[in-house]
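Single-structure report; data block below.
Protein chains in written order, with this note's numbering: chain A, 2 to 493; chain B, 890 to 1372.
What follows is the structure, encoded as structure tokens:
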């Protein structure tokens, strides 16, 4: 592991600007790391030649004094973002050989800022999962190991598992993620990195393969809060091609990290401390509260009474939208096709062969809850509860400036350690889903280790479009926690 | 309310409601920037959005929204300030997204009315239930290959207005008058070209029958009717079919039926049990469509004078009867043509010429009023020549035909051909004297009581004057000289 791959984005920018390192050097170091860590299976597609080409351009731009915000910074791009001329699969067989003739707004924005794409990172198929085990191209492995058993392979979380694993293992300085119910924050927590889901509407969804349109939101995954702020700066902004993208000015996110949170009120929702919450997570949370208190903020106990309905609501809304969003993968125009004697047979065979089990499960649930006779009982009811959940937060933010909770109910679990109960898997999202339903910004910051030496994260939530406060508090939490642990086998 | 169908068990009444799909006149599609010209090469007017590529998102075309509002205002309908786009989910090869973006429980336009102008000059008011915006699907071509279907996505994503009537029509004539009037209004507004042959206006017909005074019975929906003539046939066939079922003791099932123009019959397409469950839900890619009073008012201020108002004005200002006024306002060009002719002239005379010889010439030559064989200015000049007695009605018809042939102004034709009417009493008297002198025996017969011979003398005089003598003067002087 070289010194170069351990730099933060902020440090690398400074060194690049001063000419201490070149973008090509930096990129080469990361390409080597990517090759060395293939065992993690973090990438669906590696693009080293493209990366070097971009790095050379970045060096040229640096020389001319025209370097963008992320000039020469090697990043992983989740394989849900369409990349022009580069295979984009959503980790699904149905798009195994799909090469889009267009670039997603998010990856285009990063490109414009000078970022270097190392490759496309793996994910749960169509972003549906919390373990990255549902990828059609095999599970992604976390670089972290348990103290007690260094042979057991752990999941990186999901759905942005490839991104989390790559950033944690020092393959990429940062990576894009998408978060529908926790897909940035939960893997960030599992892999000991920072994952930031901004407010719904902050980042354009154009060119990002849709899972659940009313929830999907792109965000950065990095090793520091400052890096997340820098990356989000390049990603965010109004996009007329996405009707749900907010026409709101993008503030200077890094500048918001003043380190001063004195007088801020931090909400501690009592509903996030259920009876079964592990002592480890409970202590992590209490420690976090103390850190913020020590920095001059005031913890305030709050109630978000509809929290207990969030998961059920999410697992109606998200599958409903996905059942419709994934209808376009029909074998007619692009992607996989399995021929049939009739059109219906072509559909059935193509979709049966192209979609994995979890995707099929969610399409079926979604189709069911939207069906005549069930719509009101499920979909309409879920929309009403969703409004109540958003209202809980709105009321809470009348008195507090941010909310602190655990990110996930546990540390990373091992591959094959979960039973086949999909609902048990869905419980991973219990703390992240409410903010997704309300469209709020949420960040996961690594603040401690489990008894097994695995990273644990805390989540900070903010008001809509108040990413600045979230980043400010997250920066303070990060400094106070002083999380320095790195995955086993990663030398610093 | 005259229309009844006689069955073995008595008289049956028809109940008809129409769903008209009108393609919005717009250069680009409802949710993408792709072009929408008719007859383009297959799959050349398809954007990434229309082909439903992964990650593509719809963005509403504001012009199409304006067109829908304009149409709603033209139908005197309620404009809903908040409307919602919903996905109608079903799989078909020419439906790339696997759903159609439409509007479901919150359409952009609510209830309105449309006034039908019946042949006898009477009117009927038909309720509009709603108008909503939706995407069209592409086209499946099944005749290009023995095993495969070809897909043309040019039409996919094109904006349609679905205009739904209340079940207020009671005869095929009313249904035809509804479509005619709706088309006229859409064309006035410039929101749909109304071309049924090119498919830019398509009709689904809901038909049921009942005995007088009964509540509505089960209806069948007939699709694929692409002309007003076929609409007549389809309704009559379907009504008879339903009556036969009832009279044989059966029950009509609610279903979608396809009209077969070659056989002139309807046949079952899918029954209610096999109907799609469209799983409508609000499209999360699109925000609710919210309109302000100002936007609506600003569109309202640009509305043209519509057929009903124009008809009323024609009846008032030009003293036309309801039928004539109705015919003239059916399309804007005819109304405008008439007004150009009638301006400052005898409106009744102008109307007769426009609706008579002029429309006759259009039909005969198969020409459109946008490319008239005789300009309005020239037809007006012709009316002037009649009014100032330069031309008799007969001469005018002759001049009109020459105008059609040559495109020349009537004054020039009159001069060139010397077709000016003779109103010189002396000249006519001389001509009559010659005719009487040449036919002494006929004069004697007339004087002895054979009145019918008067026409013979008129004919002879007209012949002698090459038709140019003023007929009224000829009559008057002849009577005097023979009497």
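No residue lacks a Cβ here, since even glycine has one placed at the ideal position from N, Cα and C.
Classification of residue i by the beta-carbon crowding that lies within 10 angstroms, buried from 16 upward
i	result
residue 1021 of chain B	buried
residue 455 of chain A	buried
residue 873 of chain B	Nothing can be reported for residue 873 of chain B: it is not among the residues displayed for chain B, which extend from 890 to 1372.
residue 1156 of chain B	exposed
residue 1005 of chain B	buried
residue 913 of chain B	buried
residue 223 of chain A	buried
residue 304 of chain A	exposed
residue 1181 of chain B	exposed
residue 1295 of chain B	exposed
residue 354 of chain A	exposed
residue 1246 of chain B	buried
residue 1133 of chain B	exposed
residue 1310 of chain B	buried
residue 1013 of chain B	buried
residue 1151 of chain B	exposed
residue 1339 of chain B	exposed
Chain B contact residues for residue i, given Cβ-Cβ distances below 9 Å
i	result
residue 360 of chain A	Here the premise fails: no neighbours, minimum Cβ distance about 14 Å.
residue 245 of chain A	946, 1173, 1174, 1175, 1176
residue 103 of chain A	937, 942, 944, 945
residue 219 of chain A	Those do not exist, as residue 219 of chain A stays about 11 Å from chain B at its closest Cβ, beyond 9 Å.
residue 241 of chain A	948
residue 477 of chain A	Going along chain B, no residue has its Cβ under 9 Å from residue 477 of chain A, so there is no contact; the nearest lies around 35 Å.
Residue i: first and last residue of the uninterrupted alpha helix (DSSP H) it sits in
i	result
residue 115 of chain A	Per DSSP, residue 115 of chain A belongs to no alpha helix (DSSP H) and is neither H nor E.
residue 1314 of chain B	1314–1327
residue 1299 of chain B	1299–1306
residue 1284 of chain B	1282–1295
residue 424 of chain A	423–427
residue 1072 of chain B	1061–1078
residue 1267 of chain B	1265–1276
residue 953 of chain B	951–963
residue 50 of chain A	49–64
Under 7 Å by beta carbon: chain A residues contacting residue i
i	result
residue 976 of chain B	325
residue 1173 of chain B	214, 215, 322
residue 1121 of chain B	The premise fails here: residue 1121 of chain B is roughly 34 Å from chain A at the closest Cβ pair, so nothing lies under 7 Å.
residue 927 of chain B	The contacting residues do not exist; residue 927 of chain B stays about 23 Å from chain A at best.
residue 1289 of chain B	Per Cβ cutoff of 7 Å: no residues; residue 1289 of chain B is ~58 Å from chain A at best.
Start-to-end residues for the beta strand (DSSP E) that takes in residue i
i	result
residue 450 of chain A	443–450
residue 1041 of chain B	1039–1041
residue 1368 of chain B	From DSSP, residue 1368 of chain B is part of no beta strand (DSSP E) but of the alpha helix (DSSP H) over 1360–1371.
residue 989 of chain B	988–992
residue 1148 of chain B	1144–1149
residue 976 of chain B	974–978
residue 91 of chain A	Premise fails: residue 91 of chain A is in no beta strand (DSSP E) and is neither H nor E.
Under 8 Å from the C-beta of residue i: neighbouring residues of chain B
i	result
residue 348 of chain A	980
residue 431 of chain A	In chain order: nothing, as chain B lies at least about 23 Å away.
residue 207 of chain A	944, 945, 946
Chain-ordered chain A contacts of residue i [CB-CB under 8 Å]
i	result
residue 986 of chain B	328, 329
residue 1166 of chain B	372, 373
residue 1109 of chain B	Neighbours of residue 1109 of chain B on chain A: none; closest Cβ ~21 Å, over 8 Å.
residue 949 of chain B	244
Contact list for residue i against chain B, beta-carbon separation under 7 Å
i	result
residue 210 of chain A	943, 944
residue 344 of chain A	982
Identity of the residues DSSP links to residue i by a beta bridge
i	result
residue 1003 of chain B	B:1015
residue 1106 of chain B	Residue 1106 of chain B is not bridged to any residue.
residue 901 of chain B	B:894
residue 195 of chain A	A:223
residue 400 of chain A	Per DSSP, none; premise fails for residue 400 of chain A.
Closer than 8 Å to chain C by CB, residue i
i	result
residue 334 of chain A	Note that chain C does not occur in the displayed structure, where the protein chains are A and B.
(message) If the cut-off is 8 Å on Cβ atoms, which residues from the segment 368–380 of chain A count as contacting chain B, listed in chain order?
(response) 368, 371, 372, 373, 376, 380
(request) Using a Cβ-Cβ cut-off of less than 8 Å, give me the residues of the segment 53–71 of chain A that come near chain B, in sequence order. (result) none
(request) Quick one: which residues of the segment 1035–1051 of chain B get their C-beta closer than 9 Å to a C-beta of chain A? List them in chain order. (result) 1038, 1040, 1042
(request) Quick one: which residues of the segment 74–101 of chain A get their C-beta closer than 9 Å to a C-beta of chain B? List them in chain order. (result) 81, 82, 83, 89, 91, 96, 99, 101
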